[in-house]
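Residue numbers (the UniProt record's numbering): 1 to 354.
Scroll down for the structure; my scribbles are underneath it.
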Amino acid sequence: MELEEQWWKGQLAVDIHQALRNKEVKLTPYKSQSPQLNLRRYFADLLAIISNHFCLCPTTRHLAIYLLDLFMDRCNISVQQLHVVALSCLLLASKFEEKEECVPKLEQLNSLGCMTNMNLALSKQNLLQMELLLLETFQWNLCLPTAAHFIDYYLTAAVHTSDVHNGWPMVCLEKIKVYMHKYSDYFLEVSLQDHGFLNYAPSLVAAACIAASRAVLRLSPPWPTRLHCLTDYTWDSLLSCIENLLIAHDNDVKEASKQKIQLQVQQSSQTSFSIHSATSPQAQIEQCASTSNNCLSSATQIPGYMLPTFSSSIQAKITTCGHFQANVAMPLTTSVDVKSAMNISYNRTLCFER
Numbered sequence: 001m002e003l004e005e006q007w008w009k010g011q012l013a014v015d016i017h018q019a020l021r022n023k024e025v026k027l028t029p030y031k032s033q034s035p036q037l038n039l040r041r042y043f044a045d046l047l048a049i050i051s052n053h054f055c056l057c058p059t060t061r062h063l064a065i066y067l068l069d070l071f072m073d074r075c076n077i078s079v080q081q082l083h084v085v086a087l088s089c090l091l092l093a094s095k096f097e098e099k100e101e102c103v104p105k106l107e108q109l110n111s112l113g114c115m116t117n118m119n120l121a122l123s124k125q126n127l128l129q130m131e132l133l134l135l136e137t138f139q140w141n142l143c144l145p146t147a148a149h150f151i152d153y154y155l156t157a158a159v160h161t162s163d164v165h166n167g168w169p170m171v172c173l174e175k176i177k178v179y180m181h182k183y184s185d186y187f188l189e190v191s192l193q194d195h196g197f198l199n200y201a202p203s204l205v206a207a208a209c210i211a212a213s214r215a216v217l218r219l220s221p222p223w224p225t226r227l228h229c230l231t232d233y234t235w236d237s238l239l240s241c242i243e244n245l246l247i248a249h250d251n252d253v254k255e256a257s258k259q260k261i262q263l264q265v266q267q268s269s270q271t272s273f274s275i276h277s278a279t280s281p282q283a284q285i286e287q288c289a290s291t292s293n294n295c296l297s298s299a300t301q302i303p304g305y306m307l308p309t310f311s312s313s314i315q316a317k318i319t320t321c322g323h324f325q326a327n328v329a330m331p332l333t334t335s336v337d338v339k340s341a342m343n344i345s346y347n348r349t350l351c352f353e354r
């Protein structure tokens with residue numbers, strides 16, 4: 001977006017924020033009616049991984065996925081076309097948000113593992129035709145605010161010396177700010193993985209990411225007056241989105257804890273096997289004789305990861321609205337050299353792994 005770098009620190013920050021809020025009011029409502037909605041998570045993860053590979057900024061990643069969501073919601077796209085659509089969305093977002101030298105090149109995209117593994121080859125003509133179709137669909141307007149466009153402005157007031165950390169006065173403000181940035185980035189990634197968050201305004205999602213980060217960091221009050229005034233959102237208006245973010249966080253923590261325990265058990269078994277193999281037969285006999293009275297020993301317990309406790313009002317899952325309507329379908333005419341079908345299984349990428 002053609003904005004001054006770090007605009008949230010400048011004198012025009014309030015005016016720019018208000019301009020973004022005015023633009024988000026005009027955004028097209030998301031109806032969750034794409035026939036390929038079950039593939040949406042795969043392509044969101046794919047675009048996130050590719051954007052990280054090319055070191056693209058968060059606003060580029062969020063805009064690319066938002067363009068893909070809107071296009072899939074409006075058009076009946078064949079499964080074979082989704083790769084070229086997704087990459088075209090990423091290129092458009094890159095050209096809009098990034099400096100020219102940071103925009104990925106066609107050769108770089110074709111050399112990606114996700115392309116070579118599926119025997120996909122994109123041509124310059126394919127991408128240009130798809131970019132033109134996307135621009136015409138969005139009426140040549142790519143100035144579409146996402147949560148990533150608001151988050152930096154809200155982070156300026158996310159932590160203050162007047163906050164209380166885990167029941168104690170703030171001791172190390174800078175350290176808390178570092179963790180606040182990390183958690184807010186994490187929750188932004190969470191909001192990309194579920195299309196249900198498109199039912200909220202982007203600025204509300206950004207504010208909820210700040211509030212969820214404060215909850216995880218155990219900062220109080222949960223939503224101070226300064227954040228209320230800055231974002232123009234009350235705690236009650238954010239609560240539903242916060243709860244869904246924290247549900248996803250709990251699930252990720254449980255999965256990470258499970259994988260950590262499995263890794264520790266595996267490493268422990270390998271260490272035990274290595275020690276046993278390195279011991280001479282005579283030493284093994286002597287060791288067995290000396291410990292004959294302790295043949296049955298209890299297994300060492302591995303400490304688990306303690307999950308943070310949150311409000312009992314947290315409701316699971318985000319409901320979607322709308323159904324696919326045949327009269328809004330728009331078949332694509334752009335051709336692409338697809339040598340294999342899209343009916344494949346894939347592993348969903350956890351936010352912790354990005």
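Even glycine gets a Cβ: it sits at the ideal position worked out from N, Cα and C.
Going by DSSP in three states, residue i sits in which element: helix, strand or coil?
| i | result |
| --- | --- |
| L122 | coil |
| D15 | helix |
| Y42 | helix |
| L20 | helix |
| T28 | coil |
| C57 | coil |
| Q81 | helix |
| N110 | helix |
| W140 | coil |
| K99 | coil |
| C75 | coil |
| R9 | In the sequence under discussion, the amino acid at residue 9 is Lys, which differs from the Arg named in the question. Reduced to three states, the DSSP call for K9 is helix. |
| S34 | coil |
| A299 | Note that A299 scores a pLDDT of 36, beneath 50, so its modelled location is shaky and nothing firm can be said. |
| L135 | helix |
With a Cβ-Cβ cutoff of 9 angstroms, do residue i and residue j count as a contact?
| i | j | result |
| --- | --- | --- |
| L246 | A206 | no |
| A147 | S94 | no |
| H62 | H149 | yes |
| V90 | L56 | Contrary to the premise, residue 90 reads as Leu rather than Val in this sequence. Cβ distance < 9 angstroms, so L90 and L56 count as in contact. |
| S162 | Y183 | no |
| L219 | V159 | yes |
| L132 | F96 | no |
| Y66 | L144 | yes |
| C13 | T231 | Reading off the sequence shown, one finds Ala at residue 13, where the question assumed Cys. No. Outside cutoff. |
| Y154 | I242 | no |
| T60 | E98 | yes |
| H249 | Y179 | no |
| P58 | I176 | no |
| L112 | H53 | yes |
| V79 | L39 | yes |
| L20 | A64 | no |
Under the rule that 16 or more other beta-carbon atoms within 10 Å means buried, what is residue i, buried or exposed?
| i | result |
| --- | --- |
| D69 | buried |
| V190 | buried |
| Q6 | exposed |
| P221 | exposed |
| Q81 | buried |
| N117 | exposed |
| Q193 | buried |
| A121 | exposed |
| D73 | buried |
| N251 | exposed |
| S268 | exposed |
| C229 | exposed |
| W140 | exposed |
| H83 | buried |
| P224 | buried |
| N244 | buried |
| N126 | buried |
| L263 | exposed |
| L227 | buried |
Does the ligand NAD have a heavy atom nearer than 8 angstroms to the CB of residue i?
| i | result |
| --- | --- |
| L70 | Ligands in the displayed structure: none, and consequently the ligand NAD is not present. |
With a threshold of 9 angstroms between beta carbons, is residue i in contact with chain B?
| i | result |
| --- | --- |
| Q259 | Absent from the structure is chain B; it holds one protein chain and no more. |
Worksheet item: Residue ranges of each alpha helix (DSSP H) run of no fewer than 4 residues wholly in the UniProt domain "Cyclin C-terminal" (145-283), ordered along the chain?
Response: Here the runs fully enclosed are 147-155, 173-193, 202-216, 225-231, 235-278.
Practice prompt. Determine, using beta-carbon pairs with one atom in the region 136-143 and one in the region 100-108, whether at least three such pairs fall under 8 angstroms.
Written response: no
Discussion item. Whether or not the region 187-201 and the region 253-262 are in contact is what I'm after, with contact meaning three or more pairs of Cβ atoms, one per stretch, closer than 8 angstroms; do they touch?
Written reply: no
Discussion item. Quick check: the region 77-88 against the region 37-51, are at least 3 beta-carbon pairs closer than 8 angstroms?
Written reply: Yes, the region 37-51 touches the region 77-88.
Worksheet item: Using 8 angstroms as the Cβ pair cut-off and three pairs as the minimum, do the region 21-38 and the region 168-181 touch?
Response: Contact check between the region 21-38 and the region 168-181: fewer than three CB pairs, one atom from each, fall below 8 angstroms, which does not count as touching.
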